[in-house]
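Participant: Protein chains in written order, with our numbering: chain A, 1 to 227; chain B, 228 to 454.
Backbone N, C-alpha and C define an ideal beta-carbon position, used for all residues, glycine too.
Before I ask anything, let me first share the structure, which is written out below as structure tokens.
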DNA sequence: GTTGTAATATAACATGGGTTTTGTCAGTCC
DNA sequence: GGACTGACAAAACCCATGTTATATTACAAC
């Protein structure tokens, strides 16, 4: 995320192994100690945490161009699960190689720092979302974020994209039940903010959706990186 | 957070400026571009985000031994406010000096990486907390976390500590109203899990509090750092 | 001691979102 | 085609938490 073409080229010079995995495959489970760090070339993944009685919270959605588990560069036991949301194409780099690379190449190290810091910023925005906004704003906010991030990943038009998540997964990302996600999605559709055809979501009234979401993309830190 | 004595010594060699500020002073506001990065020597601080209509979510509590705004090493506009919770003693380091230092001293760079990654992990646990646990578990979880982190910061006994937050602030950290925080605090006290005398909280039944919270300290990544 | 202020407490009432259940629809496997 | 499955939908009910209002307490300022 947010790397220059030069940084990308340098990263591409690392020893890596291409891999493709199916949707819903676990890439990492809580408590494991991975030895590789994956970079997403295509597809979507997500991080989840579970309570002891099986309730789930999806805490991140990961998109192409992002590193999946920078945590494990420096922390040993993973604190969450990582799962493929769609079929996924990855480039896997050995952790030790990546760490040596960071030391040798400050520009690339900076790119990884930015990747990690932006994800923490998104975590904070989600905390505000789940903690202080009602279901309608929460869902609208997630749709706005996807719109902007999909556009950045050029995964689709910003205003009409395939939403590869079930309503249950949306609920788990928002702290809601799937039943209520269904209610709110229909309400947003009835009010003309979005249209849906199967899982194809299109934003039909961006200004009103943005207002309903109180969406401000500052927290995504797009293209405003310190030099 | 989680630095060796050696790392701390190296950090202490940086150009820094000591500063003391009063409780509730703003250290940074959303949208600003700071030029210094503060390290907490004494006292507590917190990060908050606001919705346009003034609702607040406290997204982090910062303790002695932690860096306050590593985000601003590499991202330009702050995405949240930082405010002193108590009277605070800080060591402020110019951002450019810190960045040069990271490049020159990989061990220190690693310490900062760990600091940032652990905070992101705490963000994720809070997301699970706010999204999927009820008010009682949420509050119990926060008390457990404070207990463990206070002990680490040697700010007090793990089982009895001064809680420098108002019930309103607790509510803002948990996505609850102050009225409900009050209800739940009393309930935890009635059930014998905690005792309170003014703001002095003591854990009177750690096993039951931990169970009520579903607390597992793995996410704090204490002393289990990759070498 | 009086006044002012911030924090805590308590009660009555309202409601957003959860729970449960049952149904529909679209794939896909045989 | 029929059977099976996973996702989406819809309605009825209800409870955890929010809202509003009004004490009460602690403590600082004077």
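Should residue 3 of chain A be labelled buried (16 or more other beta-carbon atoms within 10 Å of its own) or exposed?
Facilitator: Confidence at residue 3 of chain A is low in this model, with a pLDDT of 49, below 50, so the placement of that residue should be treated as unreliable; the coordinate-derived value is given next. Residue 3 of chain A comes out buried.
Participant: Does DSSP put residue 140 of chain A in a helix, in a strand, or in coil?
Facilitator: If DSSP states are grouped into helix, strand and coil, residue 140 of chain A belongs with the helices.
Participant: So, helix, strand or coil for residue 378 of chain B, using DSSP?
Facilitator: If DSSP states are grouped into helix, strand and coil, residue 378 of chain B belongs with the helices.
Participant: Taking 7 Å as the limit between beta carbons, can you name the residues of its chain near residue 250 of chain B, skipping five residues before and five after?
Facilitator: For residue 250 of chain B, where only same-chain residues beyond five positions count, the Cβ hits under 7 Å are 311, 312, 313 and 314.
Participant: Taking 6 Å as the limit between beta carbons, can you name the residues of its chain near residue 411 of chain B, skipping five residues before and five after?
Facilitator: If we look at residue 411 of chain B and ignore the five residues flanking it on each side, its Cβ neighbours are 362, 363 and 366.
Participant: Can you check whether the C-beta of residue 246 of chain B is within less than 9 Å of a C-beta belonging to chain A?
Facilitator: No, its Cβ sits nowhere closer than 9 Å to a Cβ of chain A.
Participant: Secondary structure at residue 207 of chain A, three-state DSSP: helix, strand or coil?
Facilitator: Note: residue 207 of chain A maps to helix in three-state DSSP.
Participant: Between residue 103 of chain A and chain B, is the shortest Cβ-Cβ distance under 9 Å, so that the two count as touching?
Facilitator: Residue 103 of chain A counts as touching chain B.
Participant: With DSSP collapsed to three states, give me the class of residue 297 of chain B.
Facilitator: In the structure shown, residue 297 of chain B sits in coil (DSSP, three-state: anything other than H, G, I, E or B).
Participant: Name the chain B residues that come within less than 7 Å of residue 25 of chain A, Cβ to Cβ?
Facilitator: Within chain B, no residue comes near residue 25 of chain A; the closest Cβ sits about 21 Å away, beyond 7 Å.
Participant: Going along chain A, which residues have a C-beta under 7 Å from residue 396 of chain B?
Facilitator: Chain A residues near residue 396 of chain B: none, gap ~13 Å exceeds 7 Å.
Participant: Would you please verify whether the beta carbon of residue 80 of chain A is less than 9 Å from any beta carbon of chain B?
Facilitator: It does: the Cβ of residue 80 of chain A has a partner Cβ on chain B nearer than 9 Å.
Participant: Measuring from the CB of residue 361 of chain B, is there a heavy atom of the ligand PLP at a distance below 8 Å?
Facilitator: Summarising the ligand content, the structure contains no ligands, and the ligand PLP is consequently not present.
Participant: Taking the CB atoms as reference points, tell me whether residue 442 of chain B and residue 372 of chain B lie closer together than 9 Å.
Facilitator: Yes, the pair counts as a contact, with Cβ atoms nearer than the cut-off.
Participant: What does residue 358 of chain B touch in chain A if you count any residue whose Cβ is under 7 Å from its own?
Facilitator: Under the 7 Å cutoff, chain A gives 57, 130 and 175.
Participant: Counting only the same chain and skipping the five closest in sequence on each side, list residues whose C-beta sits under 7 Å from that of residue 326 of chain B.
Facilitator: Contacts found: 300.
Participant: What did DSSP end up calling residue 310 of chain B once you bin it into helix, strand or coil?
Facilitator: The answer is strand: DSSP assigns residue 310 of chain B an E or B state.
Participant: Which residue's Cα is closest to the Cα of residue 437 of chain B: B/345, B/335 and B/419?
Facilitator: With distances taken between Cα atoms, residue 437 of chain B lies closest to B/419.
Participant: Have a look at A/159, A/117 and A/76 and flag the residue whose alpha-carbon is nearest the alpha-carbon of residue 447 of chain B.
Facilitator: Considering only alpha carbons, the answer is A/76.
Participant: Does DSSP classify residue 344 of chain B as helix, strand or coil?
Facilitator: Helix at residue 344 of chain B.
Participant: Please report how far the alpha carbon of residue 59 of chain A lies from the alpha carbon of residue 425 of chain B, in whole angstroms.
Facilitator: Computed Cα separation, rounded: 36 Å.
Participant: In the segment 253 to 278 of chain B, which residue ranges form an unbroken beta strand (DSSP E) of at least 3 residues, counting only runs that do not cross its ends?
Facilitator: Taking only runs of at least 3 residues, the beta strand (DSSP E) segments lying wholly in the segment 253 to 278 of chain B are 253 to 255, 263 to 269 and 272 to 277.
Participant: With a cut-off of 9 Å, does the C-beta of residue 3 of chain A fall near any C-beta of chain B?
Facilitator: With a pLDDT of 49 at residue 3 of chain A, under the threshold of 50, the modelled position of this residue cannot be trusted; read the value that follows with caution. No, because no Cβ of chain B sits closer than 9 Å to the Cβ of residue 3 of chain A.
Participant: Could you check what DSSP says for residue 389 of chain B in three-state terms: helix, strand or coil?
Facilitator: Residue 389 of chain B: strand per DSSP, three-state reduction.
Participant: If you draw a straight line from the alpha carbon of residue 159 of chain A to that of residue 332 of chain B, how long is it in whole angstroms?
Facilitator: Going by the C-alpha atoms only, they are around 45 Å apart.
Participant: Within its chain, find whatever has a CB closer than 6 Å to the CB of residue 173 of chain A; leave out the 5 residues flanking it on each side and keep chain order.
Facilitator: The residues are 58.
Participant: To which residues of the same chain is residue 178 of chain A closer than 7 Å at the C-beta, ignoring the five residues directly before and after it?
Facilitator: Taken in chain order, the residues that qualify are 167, 168 and 171.
Participant: With a CB to CB cut of under 6 Å and the five nearest residues on each side skipped, what residues in its chain are close to residue 254 of chain B?
Facilitator: Same-chain partners within the cutoff: 309.
Participant: Between which two residues does the alpha helix (DSSP H) holding residue 414 of chain B run?
Facilitator: First-last of the alpha helix (DSSP H) with residue 414 of chain B: 405 to 417.
Participant: Terminal residues of the continuous beta strand (DSSP E) containing residue 92 of chain A?
Facilitator: Residue 92 of chain A -> beta strand (DSSP E) spans 88 to 94.
Participant: Any beta carbon of chain B sitting closer than 9 Å to that of residue 83 of chain A?
Facilitator: Chain B contact via Cβ: absent.
Participant: Can you list, in chain order, the residues of its chain with a C-beta nearer than 6 Å to that of residue 39 of chain A? Leave out the 5 residues immediately preceding and following it.
Facilitator: Hits under 6 Å: 67 and 91.
Participant: By how many angstroms is the C-alpha of residue 369 of chain B removed from the C-alpha of residue 31 of chain A?
Facilitator: Approximately 22 Å, taken between the alpha carbons.
Participant: Do you know offhand how far residue 47 of chain A's Cα is from residue 355 of chain B's?
Facilitator: Whole-angstrom Cα-Cα distance: 11 Å.
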